Amino acid sequence: MGGLDDCASPPLKRLKRMPSSSEIHIEGTSSTSPARESGTAISMARAHLTVDGRGDGNEDLNVGPTRLIRRSELVRVIIQALQSLGYKKTASLLETESGIPLQSQLVTNFRQQILDGQWDDAIASIQLLLQDPQSCNLAAALILQQKFLEHLKRHETMDALRTLRLEISPLKVEEERLHELATCLICPSRIDSLLSGGKKKNAGVNSRESLLQELQQLFLPSIMIPERRLENLIEQALIVQKKTCIYHNSVDQPLSLFSDHKCGKDQIPSQTLQVILIKMFCSCLLQSSLIILSVRIIMQ
């Protein structure tokens, strides 16, 4: 009476399973940590980078007589060739019609960041484009080296020193290379020889283009197509045709793209056009080692 026994508790209800933190989703918010969000963003960007290079899916079909050529790759190198030849509108139209972009928007932005000297943005893009940490550090070192040298070229010594001490040194660059850069602070004449490997003499857009070519070697060809790829492929094919031509006997003969190169037997010299006779007269003196040699060339 009035005790605990009189207050019988209701039967226990079955507990509902609480969703885990990974299952919780609030519209407009995220339950993941900043580090996880960053990793997810990088993964999504890399996935987007791959998808952008594929288009609508139809181009994955192989083309050519033996079906060895991927349609998507062929379209991309054609677009690149059109751009290099100056037909930018035609290249843009081909991208639109085929649904296959030459490169992802991320790569396009990265190239423009390098050309515009937006070094911090370019280094941030590197983390999305390269998966190998060692390649990321190497690319960042090349970009910061360009930044350092351009500061010196504009006589911004303090900015250059901060770049060297606070940005380049933590990347564990080779000590010899670090010392070489440091010498530019007291010997400005070395700046031009170091800009982009000494390929260009002036700081600015030209040396930045050389930097892009150097950075391109760190990327997968599917992400950033090597320069003039279609032209190189055609030249390789022509060189192979010339080497496999049994009767090839001409150095200056132009090779056509409209037919396979093949020299006929009639191009091999078969008639005597000039006879050259060489007569040699030799006399030796008995009392000395002197030898007199006379040569006469008779053209017939």
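Residue numbering for the sequence shown follows UniProt numbering, starting at 1 and increasing by one per position. Each residue gets a CB set at the ideal place from its N, CA and C atoms; glycine is no exception. Since we're looking at a predicted model, the values are computed, not measured.
Near the ligand NAP: residue i beta-carbon under 7 Å from a heavy atom
i, result
"D116", "Summarising the ligand content, the structure contains no ligands, and the ligand NAP is consequently not present."
Close beta carbons around residue i, own chain, < 8 Å, minus the five adjacent residues each side
i, result
"N62", "L68, I69, R70 and R71"
"L125", "Per the sequence shown, the amino acid found at residue 125 is Ser instead of Leu. Excluding positions up to five away in sequence, the list reads L106, N109, F110 and Q113."
"T183", "R190"
"C245", "H261, K262 and C263"
"L171", "N137, A140, A141 and L144"
"E175", "none"
Residue from the options with nearest C-alpha to residue i
i, options, result
"A77", "P65, T66 and S98", "Rather than Ala, the amino acid found at residue 77 in this sequence is Val. Taking only the C-alpha atoms, the option nearest V77 is S98."
"E214", "E167, G264 and A140", "A140"
"K243", "K153, K262, N232 and S104", "K262"
"S256", "L149, A237 and S135", "A237"
"I123", "S104, I100 and K147", "K147"
"V173", "D159, C136, E209 and I186", "C136"
"L152", "L212, L128 and L194", "L194"
"I186", "A160, L138 and N206", "A160"
"L85", "R228, Q216 and Q274", "R228"
"R208", "R177, E150 and Q131", "E150"
"S222", "P65, S104 and Y87", "S104"
Whole-Å CB distance - residue i paired with residue j, under 8 Å assumed
i, j, result
"D266", "Q241", "In fact, because the Cβ distance is near 19 Å, the residues do not count as touching under 8 Å."
"E95", "L102", "6 Å"
"L138", "L212", "Between L212 and L138 the Cβ distance is about 15 Å, and since that is not below 8 Å, they are no contact."
"L164", "L181", "6 Å"
DSSP three-state assignment for residue i, whether helix, strand or coil
i, result
"L74", "helix"
"N206", "helix"
"N249", "coil"
"I143", "helix"
"L255", "coil"
"L277", "strand"
"K201", "Only weak support exists for where K201 lies, its pLDDT of 43 falling under 50; the coordinates are left without a value."
"I123", "helix"
"I79", "helix"
"P34", "Below a pLDDT of 50, predicted positions are generally treated as unreliable, and P34, at 45, falls in that range; no measurement from the model is reported."
Boundaries (first-last residue) of the alpha helix (DSSP H) holding residue i
i, result
"L164", "Element bounds for L164: n/a, residue is neither H nor E."
"K265", "From DSSP, K265 is part of no alpha helix (DSSP H); its letter is neither H nor E."
"N109", "Q105 to D116"
"V240", "R229 to K243"
"R154", "Premise fails: R154 is in no alpha helix (DSSP H) and is neither H nor E."
"D260", "First-last for D260: undefined, no H or E at that position."
"S189", "Run containing S189: none; DSSP gives neither H nor E here."
"L93", "K88 to S98"
Residues near residue i in its chain [Cβ-Cβ closer than 7 Å; skip 5 each side]
i, result
"residue 308", "Since the displayed the chain opens at 1 and closes at 300, residue 308 lies outside it and no answer follows."
"A81", "L230 and E231"
"L74", "V63"
"D116", "none"
"Q83", "A91"
"I79", "A91, L94, E95 and L102"
Sequence-distant residues of its chain with Cβ nearer than 6 Å to residue i (five each side left out)
i, result
"E167", "L144"
"R154", "none"
"W119", "I143 and K147"
"M224", "V107 and Q216"
"L233", "none"
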